Every structure is written in structure tokens, then in C-alpha cells.
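Protein chains: 2
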Amino acid sequence: MEPLTKRQAEILALIRKFLAEAGRPPTRAEICEAFGFSSPNAAEEHLRTLARKGAIEMIPGLSRGIRVLKTPRGMDAAEPGLPVVGRVAAGSPILAEENVEERYQVDARLFSPGADYLLRVRGHSMRDAGILNGDLLAVHRTSEATSGQIVVARLDSDVTVKRFQRRGHTVRLLPENPDFEPIEVDLRREPFAIEGIGVGVIRTRPR
Amino acid sequence: MEPLTKRQAEILALIRKFLAEAGRPPTRAEICEAFGFSSPNAAEEHLRTLARKGAIEMIPGLSRGIRVLKTPRGMDAAEPGLPVVGRVAAGSPILAEENVEERYQVDARLFSPGADYLLRVRGHSMRDAGILNGDLLAVHRTSEATSGQIVVARLDSDVTVKRFQRRGHTVRLLPENPDFEPIEVDLRREPFAIEGIGVGVIRTRPR
DNA sequence: CAGGCAACTGTTTGGATATACAGTATTCGG
DNA sequence: CCGAATACTGTATATCCAAACAGTTGCCTG
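Protein chains in written order, with the working numbering: chain Z, 1 to 207; chain A, 208 to 414.
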């Protein structure tokens, strides 16, 4: 998005505020009133500029036909909420369309660092970490992890959730359930990638 | 709010949908188009009825001057999201202002039945049910529970989370951790009330 | 069976709104 | 110093829109 001048940013902020408080986009006249303009054309030209720069969309002929488009960062404001990723097809990117089951609107402030998606956990290997079969793991996308963190890892073509431990060329993926065995990966010989780190859990039904 | 007829509920649903998808309230004409009406007066009369019944507000003279008012259950537009209840002061209602730490916007569709608030769980007595110290328990407000459900119960002036079991005049509150002892309550002699049932869990940091 | 209500059709009107056109002042890069 | 862009004033107008008025149909209730 092209950069906005200070005044243009003020206009955009007003549109957002109006939308949030009144539940409808402002008219040219209402923008004028808010800023003290005496001509509706002042508002009209600001709107045209904002539309040209990609900040808003104007629907011709409609009253209050203003739409605020995506926010500067976080390209995916068009699809609000966090995507729920189920079984990940072998070889496909984790957020590929085919893997997304649904989207849930969840407050970003809940997790830090912020969650990028929710992964539906299969199996009981993380039971003792309080992550049960069917739970949604809130995942922050990153390829870096430190020992002790819970990671979403990709092995060959399998995606798994385990506690991460690294020693030199060896990565150990530790389950949190004595019934399961740790996985050892030799980074020099086997494919391995971290898809993200666990930053939270959402369980949608009680146990 | 006065009950709506089927048709009126459809109109209200359309307004909500329009608002969510287009980002602005519909005009009379747009309502007509959506339902196949050939007279704007059909929409006008529906809107008047909805306004009279308290479902919407109409601002006279303004184009698209429709506001959807609070929905029947606990989520009013003024205070969006679910309140987080921390330590509950003895004797005070669980949702009293002083007990609410914060509010988080969380998609209502996540839980069924719907969650009314989030209770911050203290202690480890429900560890084996995957509810850890510091977790947020999503609670559906009700005073009824069936055996086996996880309940938020009030004993004397203490609020606790346990698995519910009832036998005649006796209620047993079962922890999910062998280090803790079950609590027995004789309903004829001791104060006891169910505040709600657990419908989900949110953990905001990994373990 | 009369009367009320829900759910429409059809028409009209004044005010609300978007939008074009004609100017003015200021700033800024070339 | 000139042209372009920003940031406005002021005026005008076709169209959008809310809202009123006059009917119709079917259903339910007393």
C-alpha cells in the first residue's frame, strides 16, 4: 500500500472510528463535519486519494459505499480470524487452502508471541503437557526454536507436535507421555524443519 | 426482547450478514432485492417492527441508519468478548465487576453450548483432565449439571472446578489428580450451588 | 363474521448523498 | 520559476434513500 500523508491517515482513522462506533461508513458530509470542512469536495478528494492508494474501496453510486481494505501489516485481514489446520497433506505448505478446515475469530492478545494458526492435534503423545487428542494448538510461525519449547515439526512428509531438544547435529523430539518413544533426527542425513512453536491451547469440548 | 416471527428473524439475519460482508447496513431497496420484495415498504415495515421489538435501532433521516442492538444472550455490543474472571471474592456474584480481569474476543462458535465467561483456574487438581494451573476454563452459565460433567461449583464462599457426581442427597466433587481428595457435600446440610459447566479450555502459554 | 395482525404490492416525495466542475493557496522537486 | 500534488472553498445536480400513504391477501382470534 502506498504511504499515506498525515492528513490522509487522519481521514482513514476517522472512517475506522465511525465504522466502529456508528456501525456504518460515514458520508462525505459527515467527514466534513468531523474535520470542520465546509465543502463536501474536500472529503471526496481525500476518499479518492485513499482509494487510489489502496487503503479503501469506493462503490460508485451507493450511499456510504466505503470499504476499508486490508490493514498495512498482516496481509490476510480479508480472511479474519485464525485458520484451523487439520491433517496436513504430505508435501503441502501447512497453510495451504486444502489444509484449512475453518476460521475462528480469536483475540490476538491472548497469546504471545501471536498465534498465526490453530493446529488440530491428533493422538495422545503430549497428554502430560496438557495437550489432548482433538485440542487446537495455537502456533506461532517460525523456523527457530530453543530447547524445551513445544514445536510443530516436519519430518520427511509428516507433521508432528513434540517438545524440542537439540544437541549439535541431533534433534530430539520428546513426547509428554511415557507410552511414547522420543524421536531422534540426524540433521546431516534426514530432512527436518520447524514449522512453528506452540504458544497456547484451545480445547473446544471438556474431557 | 420481544419474540420475533420467523420472517422477522430472517430479516434480522440478513441485516447482520449484510453488515458483516459489505461493512455497511442495507437500504430498504437492498433488503427487497435480497428477499425478492417488489416494494420498499415491505422492508420498511419489517424494520419498524424490529425496531419496536428492540432488535434494531433506526436513526431517522439517515441513509443506512440501522443499528443492530444487543443479542439476547450475554454479548452486548458495548462490552464485546468474554470476561475473564479471576479470584472470586467471597459472597459476590461470579460476574461482578470486581472479579472481571479483562475481556477477550473469542469466537462463540468454538464452544457448544456457548461460553459465557472464562474462569482462570488455580491449582493442579484437574491436571489429568488437561486443565492446568493458570488455564482459562470456558464456562457456560447454568445451575444444572449431569454426573461426569466438569462444573464450576460454589461451596460456602469458595468457588472450585471439579468433576461433578450426584447420588441422592450427596454431591461428590472429584479432582482429576490422585494427589487431591474428593469433596463430599450433603445437600441437606451444606450450602452448594452450580455456577456453570466447563465447555472448553484456553491455555495462553505453552507448558 | 368482524377485526387485528403479518406480510406484502404500488406509488410518491422531500431530503440525503455522491460526484462533477470551477476556483484558491501552499508546498516541493526539477 | 514552473508544473504537479496536496488540501481545501463554493456551487450544482442527478440519483439514492427514507418514509409516508393507499391498497391487498391470508391467517388467527374473540
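Every residue, glycine too, gets a C-beta built ideally from N, C-alpha and C.
Computed from a predicted model, the values in this text were never measured in an experiment.
Kindly indicate if chain Z contains any beta-carbon less than 8 Å away from that of residue i.
i	result
A/I409	yes
A/A262	no
A/G288	yes
A/L317	yes
A/A241	no
A/S245	no
A/A220	no
A/A258	no
A/G230	yes
A/P413	yes
A/R294	no
A/R396	no
A/R271	yes
A/R373	no
A/R274	yes
Residue i and residue j look like a contact to me (Cβ under 8 Å); what is the Cβ gap, rounded to whole Å?
i	j	result
Z/S92	Z/N177	In fact, because the Cβ distance is near 28 Å, the residues do not count as touching under 8 Å.
Z/L136	Z/R154	With 8 Å as the limit, Z/L136 and Z/R154 do not qualify as a contact, their Cβ atoms being about 19 Å apart.
A/I263	A/L276	6 Å
Z/K53	Z/L4	6 Å
Z/V199	Z/A115	6 Å
Z/L132	A/G337	5 Å
A/V346	A/V359	5 Å
A/Y311	Z/D128	Contact flag wrong, Cβ pair sits at about 27 Å.
A/A249	A/C239	6 Å
Any Cβ of chain A within less than 8 Å of the Cβ of residue i?
i	result
Z/S125	no
Z/F192	no
Z/V199	yes
Z/L119	no
Z/A129	yes
Z/L173	no
Z/L47	no
Z/L19	yes
For residue i, which of the options has the nearest alpha-carbon?
i	options	result
A/N306	A/R271, A/V366 and A/A352	A/V366
A/R370	Z/E30, Z/R16 and Z/R207	Z/R207
Z/L174	Z/I183, Z/G168, Z/R166 and Z/R167	Z/I183
A/I273	A/A345, A/G230, A/R348 and A/T349	A/G230
A/V392	A/G403, A/D363 and A/E402	A/D363
Z/I15	Z/S39, Z/T142 and Z/R64	Z/R64
Z/E44	Z/L19, Z/L12, Z/E21 and Z/A20	Z/L12
A/K213	A/S246, A/T256 and A/P247	A/T256
Z/G86	Z/R189, Z/V161, Z/N41 and Z/C32	Z/V161
A/E209	A/N248, A/A258, A/P232 and A/G243	A/A258
A/L317	Z/P113, Z/G123, Z/V84 and Z/F111	Z/V84
A/R412	Z/S112, Z/F18, Z/G123 and Z/S38	Z/S112
Would residue i be called buried (16 or more neighbouring beta carbons within 10 Å of its own) or exposed?
i	result
Z/D179	exposed
Z/P72	With a pLDDT of 41 at Z/P72, under the threshold of 50, the predicted position of this residue should be treated as unreliable, though the coordinate-derived value follows. Exposed, because fewer than 16 other Cβ atoms sit within 10 Å of the Cβ of Z/P72.
A/R235	buried
A/A400	exposed
Z/T146	exposed
A/E351	exposed
A/G403	buried
Z/R203	buried
A/I325	According to the sequence displayed, residue 325 of chain A carries Leu and not Ile. Its Cβ being crowded by 16 or more others within 10 Å, A/L325 is buried.
Z/H46	buried
A/L394	exposed
Z/P210	Nothing in the structure corresponds to residue 210 of chain Z, since chain Z is present only between 1 and 207.
Z/P25	buried
A/E308	exposed
Z/E30	buried
- Task: Report the residues of the stretch 92 to 107 of chain Z with a CB closer than 8 Å to any CB of chain A, ordered along the chain.
- Result: Y104, Q105, V106 and D107
- Query: In the stretch 131 to 161 of chain Z, which residues sit with their C-beta less than 9 Å from some C-beta in chain A, listed in chain order?
  - Reply: I131, L132, D135, L136, L137, A138, Q149 and I150
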